[in-house]
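Written out below as structure tokens is the structure these notes cover.
Protein chains: 2
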Amino acid sequence: MSQPLVRNAREIARWDAQADVVIAGFGAAGATAAIEARAAGADVIVVERAGAGGGSAANSGGVIYLGGGTPTQKACGFEDTPEEMFKYLMAACGPSPDEGLVSAYCDGSLEHYAWLVDRGIRFRPRFAAAELGADECPGLVYSGTENAWPFNEIARPAPRGHYSADQGLASGGVLMQTLTQAAMKAGAAVHANTRCLALVVESDGRICGVVVRAAGEQSAVRARGGVILTTGGFISNREMLARHAPWLLPCTNVVGIEGDDGGGLMMGQAAGGVLCRMDAADISLPIYPPLQLRKGILINRHGQRFINEDAYMGRLGEFALLHQQGRVFLVVDDAIFARPEYLEADIAAVGETIAELEADLPLPSGALQATLSFYNEHAAKGRDPLFRKKAEYLAPLAQPPLAALDLSVDVVPYGVLTLGGLQIDTAGAVLDRDGDPIPGLYAAGRTTSGVCKGGYSSGLSIGDSTFFGRRAGRSAAARAIREREARPG
Amino acid sequence: MSQPLVRNAREIARWDAQADVVIAGFGAAGATAAIEARAAGADVIVVERAGAGGGSAANSGGVIYLGGGTPTQKACGFEDTPEEMFKYLMAACGPSPDEGLVSAYCDGSLEHYAWLVDRGIRFRPRFAAAELGADECPGLVYSGTENAWPFNEIARPAPRGHYSADQGLASGGVLMQTLTQAAMKAGAAVHANTRCLALVVESDGRICGVVVRAAGEQSAVRARGGVILTTGGFISNREMLARHAPWLLPCTNVVGIEGDDGGGLMMGQAAGGVLCRMDAADISLPIYPPLQLRKGILINRHGQRFINEDAYMGRLGEFALLHQQGRVFLVVDDAIFARPEYLEADIAAVGETIAELEADLPLPSGALQATLSFYNEHAAKGRDPLFRKKAEYLAPLAQPPLAALDLSVDVVPYGVLTLGGLQIDTAGAVLDRDGDPIPGLYAAGRTTSGVCKGGYSSGLSIGDSTFFGRRAGRSAAARAIREREARPG
Numbered sequence: 001m002s003q004p005l006v007r008n009a010r011e012i013a014r015w016d017a018q019a020d021v022v023i024a025g026f027g028a029a030g031a032t033a034a035i036e037a038r039a040a041g042a043d044v045i046v047v048e049r050a051g052a053g054g055g056s057a058a059n060s061g062g063v064i065y066l067g068g069g070t071p072t073q074k075a076c077g078f079e080d081t082p083e084e085m086f087k088y089l090m091a092a093c094g095p096s097p098d099e100g101l102v103s104a105y106c107d108g109s110l111e112h113y114a115w116l117v118d119r120g121i122r123f124r125p126r127f128a129a130a131e132l133g134a135d136e137c138p139g140l141v142y143s144g145t146e147n148a149w150p151f152n153e154i155a156r157p158a159p160r161g162h163y164s165a166d167q168g169l170a171s172g173g174v175l176m177q178t179l180t181q182a183a184m185k186a187g188a189a190v191h192a193n194t195r196c197l198a199l200v201v202e203s204d205g206r207i208c209g210v211v212v213r214a215a216g217e218q219s220a221v222r223a224r225g226g227v228i229l230t231t232g233g234f235i236s237n238r239e240m241l242a243r244h245a246p247w248l249l250p251c252t253n254v255v256g257i258e259g260d261d262g263g264g265l266m267m268g269q270a271a272g273g274v275l276c277r278m279d280a281a282d283i284s285l286p287i288y289p290p291l292q293l294r295k296g297i298l299i300n301r302h303g304q305r306f307i308n309e310d311a312y313m314g315r316l317g318e319f320a321l322l323h324q325q326g327r328v329f330l331v332v333d334d335a336i337f338a339r340p341e342y343l344e345a346d347i348a349a350v351g352e353t354i355a356e357l358e359a360d361l362p363l364p365s366g367a368l369q370a371t372l373s374f375y376n377e378h379a380a381k382g383r384d385p386l387f388r389k390k391a392e393y394l395a396p397l398a399q400p401p402l403a404a405l406d407l408s409v410d411v412v413p414y415g416v417l418t419l420g421g422l423q424i425d426t427a428g429a430v431l432d433r434d435g436d437p438i439p440g441l442y443a444a445g446r447t448t449s450g451v452c453k454g455g456y457s458s459g460l461s462i463g464d465s466t467f468f469g470r471r472a473g474r475s476a477a478a479r480a481i482r483e484r485e486a487r488p489g
Numbered sequence: 490m491s492q493p494l495v496r497n498a499r500e501i502a503r504w505d506a507q508a509d510v511v512i513a514g515f516g517a518a519g520a521t522a523a524i525e526a527r528a529a530g531a532d533v534i535v536v537e538r539a540g541a542g543g544g545s546a547a548n549s550g551g552v553i554y555l556g557g558g559t560p561t562q563k564a565c566g567f568e569d570t571p572e573e574m575f576k577y578l579m580a581a582c583g584p585s586p587d588e589g590l591v592s593a594y595c596d597g598s599l600e601h602y603a604w605l606v607d608r609g610i611r612f613r614p615r616f617a618a619a620e621l622g623a624d625e626c627p628g629l630v631y632s633g634t635e636n637a638w639p640f641n642e643i644a645r646p647a648p649r650g651h652y653s654a655d656q657g658l659a660s661g662g663v664l665m666q667t668l669t670q671a672a673m674k675a676g677a678a679v680h681a682n683t684r685c686l687a688l689v690v691e692s693d694g695r696i697c698g699v700v701v702r703a704a705g706e707q708s709a710v711r712a713r714g715g716v717i718l719t720t721g722g723f724i725s726n727r728e729m730l731a732r733h734a735p736w737l738l739p740c741t742n743v744v745g746i747e748g749d750d751g752g753g754l755m756m757g758q759a760a761g762g763v764l765c766r767m768d769a770a771d772i773s774l775p776i777y778p779p780l781q782l783r784k785g786i787l788i789n790r791h792g793q794r795f796i797n798e799d800a801y802m803g804r805l806g807e808f809a810l811l812h813q814q815g816r817v818f819l820v821v822d823d824a825i826f827a828r829p830e831y832l833e834a835d836i837a838a839v840g841e842t843i844a845e846l847e848a849d850l851p852l853p854s855g856a857l858q859a860t861l862s863f864y865n866e867h868a869a870k871g872r873d874p875l876f877r878k879k880a881e882y883l884a885p886l887a888q889p890p891l892a893a894l895d896l897s898v899d900v901v902p903y904g905v906l907t908l909g910g911l912q913i914d915t916a917g918a919v920l921d922r923d924g925d926p927i928p929g930l931y932a933a934g935r936t937t938s939g940v941c942k943g944g945y946s947s948g949l950s951i952g953d954s955t956f957f958g959r960r961a962g963r964s965a966a967a968r969a970i971r972e973r974e975a976r977p978g
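So the sequence lines, in the order shown, correspond to chains A and U. Take the first sequence: its letter number 51 is residue 51 in my numbering, and every next letter is one higher. Each number in my numbering corresponds to the 1-based position in the second sequence with 489 added.
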């Protein structure tokens with residue numbers, strides 16, 4: 001039988017340690033929760049299974065999705081409002097996004113930016129037209145499909161991907177060093193190499209602690225105010241992927257760390273929390289940089305286009321994998337030929353004419369010719385009637401030789417990150433199946449189905465981890481203080 | 490706080506009733522479980538929340554997916570083997586189908602056919618080329634995409650949809666009358682208007698009973714061998730749909746009954762069972778009968794075809810809703826004009842020429858003209874290079890006037906049935922997160938993620954409900970008898 005994920009308080013013979021707030025996981029959500037809980041006057045214990053904090057955010061590019069008119073946006077000459085940010089996220093994070101979380105996130109974004117700056121995070125006021133991935137530090141970028149169809153018709157485009165340091169793609173490490181040090185400096189007691197095994201529950205359903213294991217020994221830690229689950233998602237748990245999202249299994253670029261094994265989700269669920277959209281994922285197919293590759297066309301195995309190639313890499317990947325079974329080619333001509341910087345893409349075929357190219361590909365005869373004939377005719381006039389790619393990326397693909405790069409999921413590394421998790425409210429409390437908070441249980445980050453419930457833009461994961469991590473920390477601290485004050489004498 | 494779905498045995502002051510096997514739900518899975526448990530020598534209590542048994546199967550067309558060379562298949566002149574059936578189902582029920590369940594289902598199909606006949610179910614040896622839905626009783630039909638691309642290249646096509654009586658589309662009612670009466674005649678004690686509220690668990694994790702409510706009064710029923718959850722899926726629970734599969738919410742043809750509220754899934758999960766593929770559903774868009782409509786073309790909002798129109802209605806619906814956001818048209822010419830028998834489809838536009846038709850539709854200019862020009866050119870030669878529709882459904886769409894029927898999800902009723910549920914083994918035992926059976930807990934039918942884990946063909950739901958319902962009944966009975974014999978004299 002499985003080890004229990006929830007233990008009854010009466011089974012706990014003795015509390016080996018106690019604190020107002022106990023946090024499982026010391027990544028972006030855990031560190032911010034610890035900082036805020038300490039700031040609210042709570043004492044805090046953090047348990048982290050790895051040897052040091054940082055979590056998957058430390059391994060990431062460190063981009064944070066912020067908007068509504070941040071100083072960085074203004075310095076780069078972009079207007080933005082919480083309302084436009086809300087419109088974009090409600091469209092990009094659906095279907096059926098969590099309106100309450102999205103709304104809180106947008107309304108609080110300027111304050112969150114300022115808070116991060118106060119903690120020592122620096123944002124560079126330089127706009128980079130190339131999305132994520134230039135060698136030098138990008139600064140501020142479009143990190144979703146804000147500036148391309150269909151979202152550019154839904155909300156006024158603004159770049160909201162804020163790189164958090166001058167370190168380029170190492171920003172995640174710098175960010176997490178800053179946040180974990182701030183948490184420790186604030187007085188959070190961090191226990192590394194300590195794994196959270198189970199939640200402890202009172203007979204009335206309140207969560208009152210955790211059972212942890214360190215160096216082979218189990219111990220019980222009492223949480224007077226609450227337990228916050230911030231242990232990441234489940235991208236590294238292949239059984240859970242097979243059960244909830246088997247199409248992710250062939251994707252080889254796992255965006256996460258070994259600890260993203262779903263443990264926090266399962267503990268939260270065992271305590272009565274509900275899981276949301278366990279099928280959802282960020283699925284990333286970075287066909288650029290270089291940006292010129294947006295002038296190519298992505299085709300499916302029927303030789304049809306299926307998306308505007310200037311969409312965000314997370315939208316390209318989602319459409320390619322979920323709607324086209326991960327069987328797609330990028331067709332380019334000699335004028336734009338390049339290999340995508342992040343993909344070891346094979347050249348599947350080369351031809352002096354479209355017919356020659358097509359003959360060498362596993363495509364229905366005539367299909368690519370029909371597709372390119374239609375595309376080129378309109379591209380010459382700067383139009384893309386099918387998918388409304390922007391004029392700057394439209395030019396007939398006509399300069400021989402033509403080539404097709406194989407971007408199929410079994411050939412190139414699609415990046416994947418799970419988005420499914422526990423449902424929380426705007427205070428960071430874990431909700432039960434009736435939508436009621438479970439007393440004493442909080443969560444944030446990829447342990448939850450957060451702002452990015454049903455869709456993704458880069459920076460949303462660290463964005464909602466830090467935003468709702470802070471809220472969970474404050475909520476758990478406030479509960480501890482209320483309990484303390486309610487105690488007689 | 491939510492009412493508990495699992496209760497500790499020590500909280501049960503008194504057992505109001507007891508039996509070897511307790512079954513929650515008296516539909517296709519529950520009735521067959523009861524019959525087999527009785528046949529194995531167990532005494533059986535069935536609790537059913539509705540006023541009478543039948544479940545959603547009683548409201549259905551009653552088709553059962555059977556194969557491997559059944560007498561009905563043979564009488565109609567079709568060859569089939571368990572191996573070909575297995576090849577089809579492994580392709581059609583994925584990605585990542587449950588190989589163990591599919592294999593058991595195919596290997597046992599002939600025996601299951603004979604068992605159903607022995608219980609009084611009659612199958613009519615008449616092959617009907619039109620799939621599901623002719624007015625007269627169809628008999629034997631292709632009830633999936635066995636005979637169309639791509640599955641006709643994966644497995645030798647054979648029709649496996651067996652209508653279970655001479656009653657045409659009322660077959661489900663006749664089927665369930667037969668099965669529920671057989672269960673009662675066999676001695677199962679059926680308690681109608683009795684709702685299962687919670688499972689009762691021993692301190693060592695064994696499931697030993699249920700708490701039920703009838704006429705406002707709660708009582709506890711002890712299960713010596715096991716509890717079998719057969720309470721249906723969750724298509725009628727809109728909160729669960731919003732959480733797991735929000736794209737189903739706009740679909741107005743709910744294939745199920747009010748009782749399909751997910752209660753059994755939630756109880757099983759609360760007892761440690763794992764849920765699988767909660768996003769999965771049968772999504773049905775019946776563009777035919779009449780069959781001539783297969784000669785039309787389905788197009789998306791970009792004016793492109795996206796599927797062979799002779800595919801199974803469940804595949805048409807899945808592709809239309811999941812890959813095309815439920816925004817599709819059926820384009821026909823005057824030679825084949827008709828309205829789909831099951832859809833109140835609006836005529837969105839009519840035109841003497843393709844250009845005229847296109848101009849009246851919300852489509853990119855020129856797109857439909859390009860699509861039809863390519864389609865007609867090849868259809869005239871009996872070929873469909875893109876999607877390999879069969880030659881018998883290929884003819885240029887050229888006889889004016891042309892028309893487009895709006896088959897968008899907000900216009901016509903897509904049929905939907907949830908497929909996600911508890912993971913079971915081939916004995917019908919509910920599995921925990923480590924893949925181990927939970928002692929004393931069984932399930933079958935849409936409470937489980939069964940044979941149709943990730944894809945559907947008509948008849949699979951009643952098929953796997955009855956097949957694994959039987960197995961769960963035998964397993965729970967055997968456990969009761971083992972426990973009885975182990976008890977000291």
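All C-beta atoms in this analysis are idealised placements derived from N, C-alpha and C, irrespective of residue type, glycine included.
Query raised in the report: Taking the alpha helix (DSSP H) that Ala223(A) falls in, what are its first and last residues?
Result: The continuous stretches of alpha helix (DSSP H) do not include Ala223(A), which lies in the beta strand (DSSP E) extending over residues Glu217 to Leu229.
Query raised in the report: Around the C-beta of Gln707(U), are 16 or more other C-beta atoms found within 10 angstroms, so that it is buried, or is it exposed?
Result: With fewer than 16 other Cβ atoms within 10 Å, it is exposed.
Report task. For Val274(A), return the contacting residues in chain U, with the cut-off set at a CB-CB distance below 8 Å. Result -> Near Val274(A) (Cβ distances below 8 Å), the residues of chain U are Arg732.
Query raised in the report: By the criterion of Cβ-Cβ separation under 7 Å, what are the contact partners of Ala367(A) in chain B?
Result: Checking the listed chains, one finds no chain B in this structure; the protein chains it contains are A and U.
Requested in this report: Starting from the C-beta of Gly871(U), find all residues in its chain whose C-beta is less than 8 Å away, skip the five residues before and the five after it, and write them out in chain order.
Outcome: Excluding the 5 residues flanking it on each side, Gly871(U) has same chain C-beta neighbours closer than 8 Å at Ala880 and Leu883, in chain order.
**Report entry** Cβ-based neighbour list, Leu241(A), same chain, cut-off 6 Å, excluding 5 preceding and 5 following
**Finding:** The beta carbon of Leu241(A) sits closer than 6 Å to the beta carbons of Leu248 and Leu249 from its chain, once the five residues preceding and following it are set aside; these are given in chain order.
Report task. Compare the C-beta of Ala859(U) against all C-beta atoms of chain A and say whether one is closer than 8 Å. Result -> So, interface residue.
Query raised in the report: Would you report the Cα separation of Gly785(U) and Ala517(U), rounded to the nearest angstrom?
Result: Each residue's alpha carbon lies about 37 Å from the other.
Query raised in the report: DSSP on Thr561(U), reduced to helix/strand/coil?
Result: If DSSP states are grouped into helix, strand and coil, Thr561(U) belongs with the helices.
Requested in this report: Starting from the beta carbon of Trp149(A), find every residue of chain U whose beta carbon is closer than 7 Å, and list them in chain order.
Outcome: Going along chain U, no residue has its Cβ under 7 Å from Trp149(A), so there is no contact; the nearest lies around 12 Å.
Query raised in the report: Comparing the C-beta of His302(A) with each C-beta of chain U, is any distance below 8 Å?
Result: It does: the Cβ of His302(A) has a partner Cβ on chain U nearer than 8 Å.
Requested in this report: Could you check the C-alpha separation between Glu620(U) and Thr907(U) for me, to the nearest Å?
Outcome: Any reading at Glu620(U) needs caution, since the residue's pLDDT is 49, under 50, leaving its predicted position unreliable; the model's value is listed next. Answer to the nearest angstrom: the Cα atoms are 22 Å apart.
Query raised in the report: Are Phe876(U) and Trp638(U) closer than 8 Å when you measure CB to CB?
Result: In contact: Phe876(U) and Trp638(U) (Cβ atoms closer than 8 Å).
Query raised in the report: Any beta-carbon of chain U closer than 8 Å to the one on His323(A)?
Result: Cβ-Cβ to chain U under 8 Å: yes for His323(A).
Query raised in the report: Are the C-beta atoms of Pro584(U) and some chain A residue less than 8 Å apart?
Result: At a cut-off of 8 Å, the C-beta of Pro584(U) has a neighbouring C-beta in chain A.
Requested in this report: Just the C-alpha distance for Gly583(U) and Pro571(U), rounded to the nearest angstrom, thanks.
Outcome: Going from the Cα of Gly583(U) to the Cα of Pro571(U) covers about 18 Å.
Requested in this report: Compare the C-beta of Met313(A) against all C-beta atoms of chain U and say whether one is closer than 8 Å.
Outcome: So, not an interface residue.
Requested in this report: Assuming Asp768(U) contacts Ser545(U) (C-beta within less than 8 Å), just tell me the rounded distance between them.
Outcome: Contact between Asp768(U) and Ser545(U) does not hold, since the beta-carbon distance rounds to 20 Å and is not under 8 Å.
Requested in this report: Quick one: which unbroken alpha helix (DSSP H) runs of 4-plus residues sit fully inside the region 259–297 of chain A? Chain order, please.
Outcome: With a minimum length of 4 residues, the unbroken runs of alpha helix (DSSP H) contained wholly in the region 259–297 of chain A fall at 263–270.
Requested in this report: Under 9 Å between beta-carbons, which chain A residues line up against Asp768(U)? List them in chain order, please.
Outcome: Correct list: His244, Ala245, Arg277, Met278, Asp279 and Ala280.
Query raised in the report: Apart from the five residues on each side of it in sequence, which residues of its chain come closer than 6 Å, Cβ to Cβ, to Ala838(U)?
Result: The beta carbon of Ala838(U) is closer than 6 Å to those of Leu846, Asp849, Leu850 and Ala893 in its chain, skipping five residues each way along the sequence.
Report task. Would you please state the rounded distance, in angstroms, between the beta carbons of Gly232(A) and Gly264(A)? I believe it to be under 8 Å. Result -> Distance from Gly232(A) to Gly264(A) at the Cβ level is roughly 7 Å; contact confirmed, criterion being Cβ atoms closer than 8 Å.
**Report entry** CB contact check: Asp925(U) to chain A, cutoff 8 Å
**Finding:** By this cut-off, Asp925(U) is an interface position.
Requested in this report: Taking a Cβ distance cut-off of 9 Å, strictly less, list which residues of the region 418–452 of chain A are near chain U, in chain order.
Outcome: The residues in question are Gln423, Asp432, Arg433, Asp434, Gly435, Asp436, Ile438, Pro439 and Ser449.
Query raised in the report: In the region 386–419 of chain A, which residues sit with their C-beta less than 9 Å from some C-beta in chain U, listed in chain order?
Result: Cβ contacts with chain U: Leu386, Phe387 and Arg388.
Requested in this report: Spell out a yes or no on whether the region 147–161 of chain A and the region 177–196 of chain A are touching, meaning 3 or more CB-CB pairs, one atom from each, closer than 8 Å.
Outcome: In short, these stretches do not touch, since the Cβ pair count stays below three.
Query raised in the report: Is the CB of Phe337(A) under 8 Å away from at least one CB in chain U?
Result: Interface residue (Cβ-Cβ distance to chain U less than 8 Å): Phe337(A) is not classified as such.
Query raised in the report: Of the residues Phe374(A), Phe319(A) and Val409(A), which one's Cα is nearest the Cα of Ala398(A)?
Result: If you compare the alpha carbons of Phe374(A), Phe319(A) and Val409(A) with that of Ala398(A), the shortest gap goes to Phe374(A).
Query raised in the report: In three-state DSSP terms, what is Ile724(U)?
Result: Three-state result, Ile724(U): coil.
Requested in this report: Rounded to whole angstroms, what's the CA-CA distance from Leu805(U) to His733(U)? Just pull it up for me.
Outcome: Approximately 21 Å between the Cα atoms of the pair.
Query - Ile62(A) and Ile462(A) closer than 8 Å at C-beta - result: The sequence given here places Gly at residue 62(A); Ile does not occur at that position. The criterion of a C-beta distance shorter than 8 Å is satisfied by Gly62(A) and Ile462(A).
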